[in-house]
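FYI, in the UniProt record's numbering the residues of the sequence shown are 1 to 463.
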Amino acid sequence: MVKDLPAPPAPRSAKKKLVMSSEAEGTQEKKLTPAEIKERLGKCGRLDQLRAKLLKVNKCEEKLKQFKESTIAESLPPVVPASPAKSKEHPQLAKFSSIEVHVPISPRKTPVKTPSKTPLKAPAHERFQHLVEKPSEELVLPYKYRFLKDMFRAVDTVVSLLHNRHEVISYSKLKPAVQEMMRRAFEERHLGQIKTIFPLAYIFKQERRNKKNVVSNDVSKGSYELTVTSNMDYKSVSASQNLMSKFDSAPAENFPKFRKMDSVVLVERRNIFHNALINIVRDHHSEFLMTLEPPISSVGAIKRWHPEFALEDLPDIEEAPLPQPPTMEKLGTARDVLDKAQDLFSLNHRLEKAVTDAAEQTPAPVAKTAPSLSAAPVNTCLALKGVSSSLLEKIRAREAAKAAREMTRSCGENKELEMLSRLPEISRIIRNTFVTEKKAALPWEVVAAKVAASYTSMLGGSK
């Protein structure tokens, strides 16, 4: 058998030999000294870049050290400070001859601070009732004024029944009858508010009760009662005169003829009361318009209130003073007693001097001054900061003009605008109906049913 002989080694290439020889020669060169390195670096044009890279490397090393220290510190458990060692030797107290201890006589109690109560608001069904009701041609009244109007209607109905019977209308008769009609509490303050709104409606008096046991000299409060008489001279003689012109004048008490309070009288008095309430709200509304920016002065015939006008936040009607029963004169101080006695009869000098001294010693009542309310700071809107004033004035003027148009727009114009706003949607529905049916003409009932079913809100055939 012939044995396989090993292959002869391949000859080394000349290129590889040349590279190896150059590396060998480089190792044999001597090392450079620091001076030579500095000299060569000075001749190099990229010295600034090299320095920046070295500085960056040093900063990276510092950050790496800080990161290692922070990770080591977080991994270690927290060090609990050792409690101070208790000294075995107790401190010695100095000897005192006497010790004074201050003990309060009674414990001091800190006043309990209660949070400031916010003013109670009217219920939501009262504040937003005008939004639920059907819109009418006349201006809307707030809830409290509508309640007062219903109260006047009930009072006028009861007064008319008693007036036609020739009965004396006392407050004790009027109160239960009105409460039975209204199912609400009826008080004298409601009569005062009615007198403020419609002064010529009734005549109020304090008259004696018709009792047999009432003594002639008795003028106590219990022997008098408030009576209400219907004033039939509640409007002017001529129709051209203003019905409210005689409100400030005193009503006539003696009537030559008796006149029944029929339905015509009740309706007239009700309309006068309603117009008076509208005028009160209109005055508050005009004051509100002057506070706007820019103010709205000449609006003309207002058909509705401004959208931002707080209708339910109007103040209550002030109560007019009602006649009070006569009372005995009360003498509170010695000076009053002396003045009264000097008018009646003369006193001796000793008694007069004693009463005068007592009057001088009595302190005069100090009038309490009401705290002055500081004006509330004006809140500036930060959202409008940086907006030009001319642009804001243009926007406010445009909003004021829009509000003025809405206030003077009639109910018929509102219905017409509402109908015009529905036309684009209705026309789109009608077009789609004709496209789907693929007919040139359709019955009116079919088109109306399709529009009523496809419109976003409820629509009738008439609409």
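Yeah, the Cβ is synthetic: ideal placement off N, Cα and C, and Gly gets one too.
Buried is the label assigned to Met151, since at least 16 other Cβ atoms lie within 10 Å of its Cβ. The C-beta separation of Glu312 from Pro142 comes to about 5 angstroms, placing the pair in contact by the 8 angstroms criterion.
Note on Met458: under 16 other CB atoms within 10 angstroms of its CB, so exposed under the neighbour-count rule. In the DSSP assignment, Glu225 falls within the beta strand (DSSP E) that extends over Tyr224 to Ser230.
When the Cα atoms are used, Leu139 and Ile278 turn out to be separated by approximately 7 angstroms. Tyr145 is not bridged by DSSP to any residue. Per DSSP, reduced to three states, the secondary structure at Ile296 is coil, with no helix or strand assignment. Ile203 carries a strand assignment under DSSP once its states are collapsed to helix, strand and coil. In the DSSP secondary-structure assignment, Ser170 is bridged to Thr227. Annotation for His285: the continuous alpha helix (DSSP H) segment containing it runs Ser263 to Met290.
Burial is judged here by how many other beta carbons sit within 10 angstroms of a residue's own beta carbon; Phe186 has at least 16 and is buried.
Per the coordinates, the alpha-carbon of Ala397 lies some 10 angstroms from the alpha-carbon of Ala403.
Taking a cut-off of 8 angstroms on C-beta distances, the segment 144 to 161 touches the segment 175 to 189, as three or more cross pairs fall below it. Under the three-state reduction of DSSP, Arg208 is assigned to strand. Ranked by Cα distance from Glu308, the options Leu392, Leu161, Arg335 and Leu292 are led by Leu292.
In this structure, Tyr145 places its C-beta atom within 9 angstroms of the C-beta atom of Val281. A distance of 9 angstroms or more separates the beta carbons of Gln193 and Asp357. When C-beta atoms of the segment 406 to 415 are compared with those of the segment 425 to 438, fewer than three pairs fall below 8 angstroms, so the two segments do not count as touching. Secondary structure of Trp305 (DSSP, three-state): coil. Taking the Cβ atoms as the reference, His284 lies roughly 11 angstroms from His306, outside the contact range of under 8 angstroms. For Arg259, the closest C-alpha among the options Leu162, Thr456 and Leu41 is that of Leu162.
In the three-state reduction of the DSSP assignment, Pro176 falls in the helix class, which pools H, G and I. DSSP places Leu47 within a helical segment (H, G or I) once states are collapsed to three. In the DSSP assignment, Glu445 falls within the alpha helix (DSSP H) that extends over Trp444 to Ser454. With respect to the 9 angstroms criterion, Glu207 and Ser172 are not classified as neighbours on the basis of their beta carbons. When the beta-carbon positions are compared, Ile302 and Thr229 stay at least 9 angstroms from each other.
Of Thr436, Lys439 and Leu423, the smallest CA-CA separation from Thr456 is found for Leu423. Secondary structure of Met458 (DSSP, three-state): coil.
Pairing Ile272 with Ala400 gives a Cβ-Cβ distance that is not under 9 angstroms.
Note on geometry: alpha-carbon atoms of Arg40 and Gln66 lie some 36 angstroms from one another. Taking C-beta separations shorter than 6 angstroms and ignoring five residues to either side along the sequence, the partners of His190 in its chain run Met151, following chain order. Cβ contact annotation for Arg269 (same chain, cutoff 7 angstroms, sequence separation greater than five): Asp156, Ala201 and Tyr234, in chain order. In this chain, the alpha helix (DSSP H) harbouring Phe434 covers Cys411 to Glu437.
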